Each structure stands twice: as structure tokens, then as C-alpha cells.
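Scroll down for the structure; my scribbles are underneath it.
Number of protein chains: 2
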Amino acid sequence: MPGERTLKLVIEYDGTLFHGWQVQSRERTVQGELQDAFERITHERVHIQGAGRTDAGVHALGQTASLRTRHEIGSRELMRGLNALTGHDLVVKRIEEAAPGFCACRNATGRLYRYRILNAPAPPALGRTTHLHVIRPLDIDAMNEAASLFEGRHDFEAFRASDCERASAELAIECCTVAGKDDEVVIEVRGQAFLMNMVRIIVGTLLWVGSGRFSPADVEDILASRDRARAGPTAAPRGLVLVEVYYGERAGPSTSSIR
Amino acid sequence: MPGERTLKLVIEYDGTLFHGWQVQSRERTVQGELQDAFERITHERVHIQGAGRTDAGVHALGQTASLRTRHEIGSRELMRGLNALTGHDLVVKRIEEAAPGFCACRNATGRLYRYRILNAPAPPALGRTTHLHVIRPLDIDAMNEAASLFEGRHDFEAFRASDCERASAELAIECCTVAGKDDEVVIEVRGQAFLMNMVRIIVGTLLWVGSGRFSPADVEDILASRDRARAGPTAAPRGLVLVEVYYGERAGPSTSSIR
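As they're listed, the protein sequences go chains A and B.
The opening residue of the first sequence carries number 74 in the working numbering; numbering runs sequentially from there.
The opening residue of the second sequence carries number 74 in the working numbering; numbering runs sequentially from there.
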């Protein structure tokens, strides 16, 4: 019998028609659709571990996942099979052999999220599933000033969902920026890990800074308050995309190239 | 009775579910949906003239159209009404009063088209309705060299559909460029006017240059041959977007600001 292999998958999806990453008994989810497709190909039921449990409606360009299998199928053949069996809104972009014990979630050293906003009088037609629409002109400079306050190590208790189960809310954000170009506003947040709804609450808070309801100084107070009720609303999922997951020196087992 | 007004509309649409711009008796079209919505609001049947008759599946960020009406409805109210009555994949972004006699098609001094390609092993999930997928790595430098040969005034007989009705195929292209960034390849073509399918045939020909089937010198020969059969295929519509229509000094009547 062949030994156990660990595979690393890089996955892109349009989250519009998924009820998020995590398997649910009755709803279509990314993890569920991948695990079902894998089972149809290999007749083996595996757990596919994602680096981030994206919410319903959130997209991914570079979600990363890992699985352990004893099946000998080649990476290219597996990729073709998974892409044939899943919907067109879910694509496995790359499959690599990983070192034994590699976990896409635990070994991730960084995650980059991007949130896109159309700041214009009329809503987007082409970007209607990928952009939040904000009519009132946003103050990008104020948003950027407030965004920089999130950088560094903080207690993000005010910026997580009430049902977030992580013991500690203390995390480090490496980078949080707001950039405007024409009528598009792009918020990027990069950190090692995130709490439940954290990026969307940060975005919702920055949007209130952009509209003048909060000042950058207010954001400092909200962080210090550790009070979710004081932060802005949870921004709609459709603007959010998990762009990339990093596996740096802290990643432990390194991954080899495509089979 | 109030005098006749001329309105200029800037329109964005996701062409995926439209059978193109031009009214058809049984199919959903952009022009048809706009004219029907206008009629429901004003009880007046008008002809809405587009600057470009985009094909089925082609998108627009800045399609421009004009219409003449005797109705006194304000531009903002009309915009709200049209956006309420048309699908979410069709948005009127701006309505301006234009000088009498302004025609969005005849007065256009330039049109900018963009074609987007994902050049990667796996197809796009998020960009599946906006990008052509090309697996084989494209030679961007060769494509760019060939693209520059389209610039200037040429007889584009080899680059138009057989049922194109324009008398002369002689036109000027101001700019034709190919740019690659990460796994996205973007082709931009700007000119005063275009023949039927012209941009898509140019793109199909450049793709054959990118894959090595044509050399840049071949493109010069194809242009000179005036033979459609020698050019590349008509590239799929989903990668194409009409980005902007220009009304420069040759535009005649100038348009006023938003009402």
C-alpha cells in the first residue's frame, strides 16, 4: 500500500453562489464541493483544510488548502478532475506535493485580503458581484490615516463577530492600506491571521471614516474600547476577496513544485 | 409644448446575458431594454442611438448613447427610473443635456476597447465572464510588435466580418497595445471608428502571434492581402469591453454638465 501524501491546493472562486468555505449539510459550500469531487475521483473521503474560512459571498483568488491521501493520482490529473466536477465558479489553480504534516491553515504565515468599492453615483453593472457600491464621495486620505492605526499588534476584540471562537483577540496586522483610483477604492489588509468577520468590520469602520462619521482618532478609541458595538458595521461580503496565503519561513515543511 | 431636448447617456453593462446592443424582436438587448424602460417612464417611444453596436456577450464600461425627447423629466429622475426598470447588469451611469443635433455615434471622435485574457493553466473562476482563457504561454513582446503594425491608417478589409455593411474598410487606429501583468494579458485598441467584429479579429490575430502561429511580419502581409480568410479567428466576445467613447473637438455640439 502506498504511503500517505500531503497535497497543497491553490483555489479561486466566485463566492456569490456559495454559502462560504466551510461544509454545511444542506448548502453549497466550497469545501463541500471540493471534498465531494475528490471523493468521486478517488473513492476516498478526505478533509480539505482551508487556510481561511471565508464567509458566504466572499471570493478568493488564492485560497489555499491541504489534504492527506493515500491515493496515487497525479496532481495534474487530479486538478483536471476536480475542475471538471466542480462548478465554473470554483477552480483549482495549482496542486503541489507538500511535506508530510503540512497544514494550509496552521502553517500559513500571512493572508492578504482585498476589499473593492465602487465610489460613484450609479451602481456597478460589471462589478456588481465583486464591488460594494458607495454613493457618497469617500475621504481616502482620512481612511488611509485610520487604516494605518490598525497596523501592528492590537487586541481586536471590537473587530470580531460575537460568535468568534478564538480564545485571544490579540493579533498583528502587517499592513492596512486604502487606495483610490478613478471611482474605485481598494482596501488591502495583510496579517498572519484574522478573527471572524474581522476584515469586514475593519472595512465597515473605515467606510464610516470615509464618510466623516468617524475620525481617525475615533478608530484609536474603538480599538482601545474592545467593544464591538462601537465599531462600524460588518461590510457586505461581495467586495471581499482572499487574494493570497503566504507560507514563509515560519511555515515549517516547505512545498515542492508541481508534480 | 416644450421644445425637443437631446440627451447623452453613459451606460455600463455586463454583456453576458444580452444579445448585444441592437434591438431584436425576440431577444434581450441593451438598446431594447433601455428603450422599453424609457417608454414606461415617459410614455414616449424613442430611438436610443449607441456609439457602438457591441456584439452579443461584449461588455461596456462607457457605452455612450443619445436620444431626442420632448419630455421634461429631469436627468437625475430619468437615470433613477431607468436603473430601477432595467436589470442589475445594465446601469445608466450619467445623463447629460446635449446640444441639439448631438448624435452619440456620428459625433464620436474616438472609441477605446479593451480585451482581457487570463494566460494560465487553469481557467478563471472570478473572471469567467470577462476574460478569455488561454493556456499556452503568450509571447507578449511579439504580440506588441504586431499590435503596433495596426496603428495608423490602413485598409482593414481582412479584419471585418463578411456581413459588415460599411462601404469603405479604410480606417485609422490611433493606438494598439498589449500589456502583460502577472497572468493577465490586456489588449487595448483605440480608434475613431471600427468595422464589424474588427477588434475581435485583431485580437484573434494577435493571439496567433502570441502562440507563434503568425510572426509580426505575417500580420503586415495579412493587412496588405485584404483577405479575411488569412487573418486569425474572431476572438470570443466575453473578453471585450467598450471602455470609453470620446467626443473631442471634432464632436461638433458640446455637452453641458449634469442637470
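Yeah, the Cβ is synthetic: ideal placement off N, Cα and C, and Gly gets one too.
If you're wondering where the values come from, they're calculated on a predicted model, not measured in any experiment.
Contact of P197 (chain B) with chain A is assigned, a C-beta pair being separated by under 8 angstroms.
Residues of the segment 76-99 of chain A whose Cβ lies closer than 7 angstroms to any Cβ of chain B, in chain order: E85, Y86, D87. Exclusion of the five residues before and after D300 (chain B) leaves A231 as the residues of its chain whose Cβ lies within less than 6 angstroms of its Cβ.
V119 (chain B) is outside the set of residues whose beta carbon lies under 8 angstroms from a beta carbon in chain A. Secondary structure of N192 (chain A) (DSSP, three-state): strand. Neighbourhood of L134 (chain A) in chain B, by CB distance below 7 angstroms: L199, in chain order. Relative to D291 (chain A), the option among A:A309, A:L222, A:H204 whose CA is nearest is A:L222.
Residues of the segment 149-170 of chain B with a C-beta atom less than 8 angstroms from some C-beta of chain A are M152, N156, H161, D162, L163, V164, V165, K166, R167, listed in chain order.
Using a C-beta cut-off of 8 angstroms, the segment 203-212 of chain A makes contact with the segment 304-317 of chain A, since at least three inter-stretch Cβ pairs fall below that distance. Under DSSP, C248 (chain B) shares a beta bridge with B:R263. A distance below 7 angstroms between beta-carbons, with the five flanking residues on each side excluded, links C176 (chain A) to the following residues of its chain, in chain order: Q122, S139. Distance from the CA atom of E169 (chain A) to the CA atom of S241 (chain A), rounded to whole angstroms, is 33 angstroms. Taking C-beta atoms as the reference points, L199 (chain A) and D128 (chain B) fail to come closer than 8 angstroms. For the segment 202-215 of chain A, the set of positions with a beta-carbon nearer than 8 angstroms to some beta-carbon of chain B reads T203 in chain order. DSSP places D109 (chain A) outside any beta strand (DSSP E); the residue lies instead in the alpha helix (DSSP H), whose first and last residues are 103-115. When the five nearest sequence neighbours on each side are left out, the beta carbons in the same chain lying within less than 7 angstroms of the beta carbon of V316 (chain A) are those of L134, G135, L185, Y186, R187, in order along the chain. The residue from B:A266, B:L151, B:Q95, B:T102 with its alpha-carbon nearest to that of L80 (chain B) is B:L151. Residues T102, Q104, G105, Q108 of the same chain have their beta carbon placed closer than 8 angstroms to that of V96 (chain A), with the five preceding and five following residues left out of the count.
Here C249 (chain A) is not near E218 (chain A), since their CB atoms are 8 angstroms or more apart. With respect to the 8 angstroms criterion, L279 (chain B) and I295 (chain B) are not classified as neighbours on the basis of their beta carbons. Residue B:K166 holds the alpha-carbon nearest to the alpha-carbon of P197 (chain A) among B:K166, B:G253, B:A157. Per DSSP, the unbroken alpha helix (DSSP H) holding L222 (chain B) starts and ends at 213-223. V282 (chain A) has its alpha-carbon roughly 6 angstroms from the corresponding atom of S288 (chain A). Comparing alpha carbon positions, the residue from A:R273, A:G183, A:G160 closest to I190 (chain A) is A:R273. If the five residues before and after A245 (chain B) are omitted, its C-beta is found closer than 7 angstroms to the C-beta atoms of G225, R226, G264, Q265, all from its own chain and listed in chain order.
For secondary structure counted as the beta strand (DSSP E) over 3 or more consecutive residues, the segment 272-299 of chain B holds no complete run. With 16 or more neighbouring CB atoms inside 10 Å of its own CB, H132 (chain B) falls in the buried class. If you look at E169 (chain B), you'll find it in the beta strand (DSSP E) that goes 163-171.
Within the same chain, R101, T102, V103, A129 come within 7 angstroms of F91 (chain B) by CB-CB distance, once the 5 residues on both sides are set aside. Per DSSP, S241 (chain B) lies in no beta strand (DSSP E) segment and is marked neither H nor E. Nearest C-alpha to D214 (chain A) among A:G253, A:R141, A:A195: A:G253. Distance between A195 (chain B) and I114 (chain B), taken at the CA atoms: about 46 angstroms. In the structure shown, the three-state DSSP call for G183 (chain B) is strand. The alpha-carbon separation between G76 (chain B) and L163 (chain A) amounts to approximately 54 angstroms.
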